[in-house]
Each structure stands twice: as structure tokens, then as C-alpha cells.
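Engineer: Read in the numbering used here, the sequence shown has 599 at position 67, and its numbers run on one by one without any break.
C-beta: ideal position from N, C-alpha, C; glycine also.
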Amino acid sequence: CDLFRATGLPLSHLDAHKHIHRHLHVLDVVIDLARALHLPVRPLNRERLTAANIASPVHYVDAVYFEKDSRERLLERLRGLPPGVTEFGCHPGYADALLRDRSVWVEERERELALLTSYDVRTAVRDLGITLVDYRTFA
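This is the structure in C-alpha cells:
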């Protein structure tokens, strides 16, 4: 965490690459860090986080949105959201030189960004009364 804080970027929550904090021993360490840093955690084991009194979204949807049926799947998920905060795990972004050098998902990120900011999705979010939030909601 000290290395991250040295970047000057705000630390909003804890999670782990490839969801390794699903493993209970790793989750124990993440819970200890969350307590010490007063941070919420990505909700991959909601029961343990709730028992530890760690803030997190109620639901988590892990999906990619750059395939042929992505628009329909995303709109269907938005229409079927349960009550509470749901985090959508996705990877939108811009394909710059750094990303091209470090990731196998490059154009896919731009396709996700285009879909997530599209008129259809923005209209559905508005019409369904969905409020977009970030992890500051749990601060």
C-alpha cells in the first residue's frame, strides 16, 4: 500500500489481480488490511466481509462486454438488477502505447468503453432509475 500511496492517487478500495482474494487465506490478509486502512473490498466473498464488518457492494457481476451479444447481455443484466449496490467487473479503457505493451486486452477495452457509454446503455440506466456510484459510496 505504501508504494501505491506514493503515486499520489487515491486508494478507494481493495481487490486482487485475478480475484485471488477469493482464497480464504488471502481474504484474511485483505480483511486485515481493509480494517487497518478503513477501505471497502470487492465483494467476492460477501458473507465473510459482512461478518468482518467490511464495507462492500452487495452484488458482483464478473463479465466482459466486447463480444457479439454484449449489448443484449448488458441490457438484460441492467433490467434484472436486484436491490442494493452491484459492481460490474469490466475493463473499459483507451488503447494507448502503454496498454498495448502490457495487456492482451487492448481493442477489447475500447469496445467495452464504447458499449458502456453508448446511448442505449445510458438511456437504460436513466430509464431504470439506476444510480451510478463508485467506491467512495462506502467511505
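In three-state DSSP terms, what is E487?
Structural biologist: Here the chain comprises residues numbered 533 to 671, so residue 487 is not present and cannot be evaluated.
Engineer: For H553 versus N585, is the C-beta distance shorter than 9 Å?
Structural biologist: Here residue 553 corresponds to residue number 21 of the sequence shown, with the count starting at 1. Here residue 585 corresponds to residue number 53 of the sequence shown, with the count starting at 1. No. Outside cutoff.
Engineer: Going along the chain, which residues of its own chain have a beta-carbon closer than 8 Å to the beta-carbon of R609, five neighbours each way excluded?
Structural biologist: Taking the first residue of the sequence shown as 1, we reach residue 609 at position 77. If we look at R609 and ignore the five residues flanking it on each side, its Cβ neighbours are V593, A595, F620.
Engineer: Could you check whether the stretch 601-616 touches the stretch 555-567, counting it as contact only if at least three pairs of C-beta atoms, one from each stretch, sit closer than 8 Å?
Structural biologist: The stretch 601-616 makes no contact with the stretch 555-567: fewer than 3 CB pairs, one atom from each, lie closer than 8 Å.
Engineer: Mind reading off the beta-carbon distance from R562 to V573? Whole number of angstroms is fine, and I expect it under 8 Å.
Structural biologist: Along the sequence shown, one-based indexing puts residue 562 at 30. Along the sequence shown, one-based indexing puts residue 573 at 41. The residue you asked about is not Arg; residue 562 is Val in the sequence shown. Correct: roughly 6 Å between the Cβ atoms.
Engineer: Three-state secondary structure (DSSP) at D633?
Structural biologist: Here residue 633 corresponds to residue number 101 of the sequence shown, with the count starting at 1. If DSSP states are grouped into helix, strand and coil, D633 belongs with the helices.
Engineer: Thinking E644 and P615 are a contact (beta carbons under 8 Å), I'd like their distance in whole angstroms, please.
Structural biologist: Sequence index remark: in the sequence shown, residue 644 carries index 112 (1-based). Sequence index remark: in the sequence shown, residue 615 carries index 83 (1-based). So it is not a contact: roughly 26 Å between Cβ atoms.
Engineer: Look at A627 and V638 and say whether their C-beta atoms are less than 9 Å apart.
Structural biologist: Residue numbering aside, residue 627 sits at position 95 when the sequence shown is read from its first letter. Residue numbering aside, residue 638 sits at position 106 when the sequence shown is read from its first letter. Going by C-beta atoms, A627 is nearer than 9 Å to V638.
Engineer: Quick check: R580 and L556, are their CB atoms within less than 9 Å of each other?
Structural biologist: Stepping through the sequence shown from its first residue, residue 580 is reached at position 48. Stepping through the sequence shown from its first residue, residue 556 is reached at position 24. For R580 and L556, yes; Cβs fall inside 9 Å.
Engineer: Which word fits H545, buried or exposed, when buried means at least 16 other C-beta atoms lie within 10 angstroms of its C-beta?
Structural biologist: For this step, residue 545 is matched to residue 13 along the sequence shown. By the neighbour-count definition (other C-beta atoms within 10 Å, threshold 16), H545 is a buried residue.
Engineer: Start and end of the beta strand (DSSP E) containing F620?
Structural biologist: Residue numbering aside, residue 620 sits at position 88 when the sequence shown is read from its first letter. Counting along the chain, the beta strand (DSSP E) containing F620 begins and ends at 618-621.
Engineer: Rounded C-beta distance between V617 and T669? I'm assuming under 8 Å.
Structural biologist: Start at 1 with the first residue of the sequence shown, and residue 617 comes out as number 85. Start at 1 with the first residue of the sequence shown, and residue 669 comes out as number 137. Between V617 and T669, the beta carbon gap of about 7 Å places them in contact (Cβ cut-off 8 Å).
Engineer: With a threshold of 7 Å on Cβ separation, who are the neighbours of R603 within its own chain once the five nearest residues in sequence on each side are excluded?
Structural biologist: Start at 1 with the first residue of the sequence shown, and residue 603 comes out as number 71. Leaving aside the five residues that flank R603 on each side, the residues in its chain whose CB is nearer than 7 Å to its CB run, in chain order, L647, D652.
Engineer: Which class does H555 belong to by DSSP, given the choice of helix, strand or coil?
Structural biologist: Locating residue 555 in the sequence shown gives position 23, where the first residue counts as 1. Looking at H555 - three-state DSSP - the assignment turns out to be coil, as it is neither helix nor strand.
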